[in-house]
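Undergrad: Input: one structure, supplied below.
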Amino acid sequence: MIYRIGICDDEKSTCCELEEIIIEYFKAYDNNVETFVWNSAEDFMNDVPAKMRVDILFLDIELPGRNGVDVGNYIRGVCGDEGMHIIYISSKTSYAMDLFKVHPYDFLIKPIDKEKVCSEIKMLFRLDDQDKRFFIYEYNKTQHKVLMGNILYFMSERKHVKIVCVDGNQEYVGKLKDEVKKLPDNFAMIGQSYIVNLRHIKECHAECVIMDNGECLGISRNYRTSFNLKLIEYNK
Numbered sequence: 004m005i006y007r008i009g010i011c012d013d014e015k016s017t018c019c020e021l022e023e024i025i026i027e028y029f030k031a032y033d034n035n036v037e038t039f040v041w042n043s044a045e046d047f048m049n050d051v052p053a054k055m056r057v058d059i060l061f062l063d064i065e066l067p068g069r070n071g072v073d074v075g076n077y078i079r080g081v082c083g084d085e086g087m088h089i090i091y092i093s094s095k096t097s098y099a100m101d102l103f104k105v106h107p108y109d110f111l112i113k114p115i116d117k118e119k120v121c122s123e124i125k126m127l128f129r130l131d132d133q134d135k136r137f138f139i140y141e142y143n144k145t146q147h148k149v150l151m152g153n154i155l156y157f158m159s160e161r162k163h164v165k166i167v168c169v170d171g172n173q174e175y176v177g178k179l180k181d182e183v184k185k186l187p188d189n190f191a192m193i194g195q196s197y198i199v200n201l202r203h204i205k206e207c208h209a210e211c212v213i214m215d216n217g218e219c220l221g222i223s224r225n226y227r228t229s230f231n232l233k234l235i236e237y238n239k
């Protein structure tokens with residue numbers, strides 16, 4: 004699996020130190036990693052999620068301008084991203100109440116402790132392996148993960164499965180009928196070509212559903228009864 008790890012800190016020395024620790028850790032465990040560095044909240048928010056996704060973010064609290072608390076609220080509130088692991092870093096310990104609503108994974112005190120950083124990453128690997136909030140798929144012999152809550156629907160296109168999400172689309176080789184077995188109860192097939200996330204249905208009609216992104220997806224005649232039963236069961 005390729006992990007995308009971000010570092011947002013105005014101290015370039017801290018960014019370099021963290022990046023070196025992360026890259027060294029991943030080499031030791033033979034895992035793939037991409038690291039991204041930002042020195043301000045504004046730069047981070049310009050890139051995420053518009054240009055990229057991040058799995059783990061080491062986030063300084065005392066950033067110039069908009070601080071780390073603002074960034075955390077942006078991630079959880081504006082982006083609606085509950086899957087990104089946020090690890091705050093600071094030289095102070097007086098922010099506990101401000102961070103409560105952001106649900107950070109942890110808080111590291113500067114100066115950075117290498118063993119602590121590696122321990123945090125290792126534990127997050129373990130949590131992700133156990134976390135049913137993610138849909139895991141393989142593409143080009145590499146595993147990828149998508150937060151279940153961000154998926155609007157799956158669509159079959161020949162031998163490929165397209166995942167349409169609130170923050171972009173992804174695609175891999177697979178069969179839709181095999182994928183539905185891996186999904187939680189809030190997903191339902193509405194035809195041979197579509198599996199929809201019931202939580203992202205904006206309107207439901209006899210012959211189609213309107214998704215949160217405004218797209219209209221047709222419900223095949225052979226699936227209408229089973230879909231209606233699924234919908235009733237889900238809304239109980």
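If you count by this note's numbering, then the sequence shown holds residues 4 to 239, one letter each, in order. Where is the CB? At the ideal position from N, CA and C, for every residue including glycine. None of these values were measured; they are calculated from a predicted model.
Using a 10 Å radius around the Cβ and a threshold of 16 neighbouring Cβ atoms, would you call T228 buried or exposed?
TA: Within the sequence shown, the letter at position 225 stands for residue 228. When all chains shown are included, T228 counts as exposed.
Undergrad: Could you check where the beta strand (DSSP E) with C168 kicks off and where it finishes?
TA: Sequence index remark: in the sequence shown, residue 168 carries index 165 (1-based). Taken as a continuous stretch (DSSP letters only), the beta strand (DSSP E) holding C168 covers H163 to C168.
Undergrad: Keeping to the same chain, check which residues put their C-beta closer than 7 angstroms to that of L130; ignore five residues upstream and five downstream.
TA: Sequence index remark: in the sequence shown, residue 130 carries index 127 (1-based). Within the same chain, L130 has no close Cβ partners at all.
Undergrad: What does the alpha-carbon distance come out to for the pair N200 and V57?
TA: Along the sequence shown, one-based indexing puts residue 200 at 197. Along the sequence shown, one-based indexing puts residue 57 at 54. If you take the alpha carbons of N200 and V57, they lie about 23 angstroms apart.
Undergrad: Quick check on this structure: which residue in N49, P187 and S223 has the alpha carbon closest to the alpha carbon of I3?
TA: Because the chain in this structure spans residues 4 to 239, residue 3 falls outside the shown range and cannot be described.
Undergrad: Taking all protein chains shown into account, decide if E37 is buried (16 or more other Cβ within 10 angstroms of its Cβ) or exposed.
TA: Looking up residue 37 in the sequence shown gives position 34. By the 10 Å Cβ count, E37 comes out exposed.
Undergrad: What are the uninterrupted segments assigned as alpha helix (DSSP H) that are 4 or more residues long and contained completely in the region 60–107, given in chain order?
TA: 71–76 and 99–102
Undergrad: Note down, in chain order, each residue of its chain lying with its Cβ closer than 6 angstroms to the Cβ of I213, except the 5 sequence neighbours on either side.
TA: Here residue 213 is taken as the residue at index 210 of the sequence shown, counted from 1. Hits under 6 angstroms: K205, E206 and C219.
Undergrad: Is it right to say H88 is buried, meaning 16 or more other beta carbons lie within 10 angstroms of its own, or is it exposed?
TA: Walking along the sequence shown from the start, residue 88 turns up at place 85. Label assigned to H88: buried.
Undergrad: Find the nearest neighbour of A209 within the set K54, N225 and S196, judged by alpha-carbon distance.
TA: As a position in the sequence shown, residue 209 is number 206, starting the count at 1. Closest by alpha carbon: N225.
Undergrad: Taking contact to mean 3 or more Cβ pairs, one atom from each stretch, closer than 8 angstroms, check whether the region 65–83 and the region 104–116 are in contact.
TA: yes
Undergrad: Nearest-angstrom Cα distance between G152 and T17?
TA: Taking the sequence shown and counting its residues from 1, one reaches residue 152 at position 149. Taking the sequence shown and counting its residues from 1, one reaches residue 17 at position 14. When rounded, the distance between both Cα atoms is 33 angstroms.
Undergrad: Have a look at D63 and L111 and give me their C-alpha separation to the nearest angstrom.
TA: If you number the sequence shown from 1, residue 63 lands on position 60. If you number the sequence shown from 1, residue 111 lands on position 108. About 9 angstroms.
Undergrad: Which residue or residues does DSSP assign as beta-bridge partners of Y156?
TA: For the purposes of this step, residue 156 is taken as residue 153 along the sequence shown, with counting starting at 1. Answer is V167 and V199.
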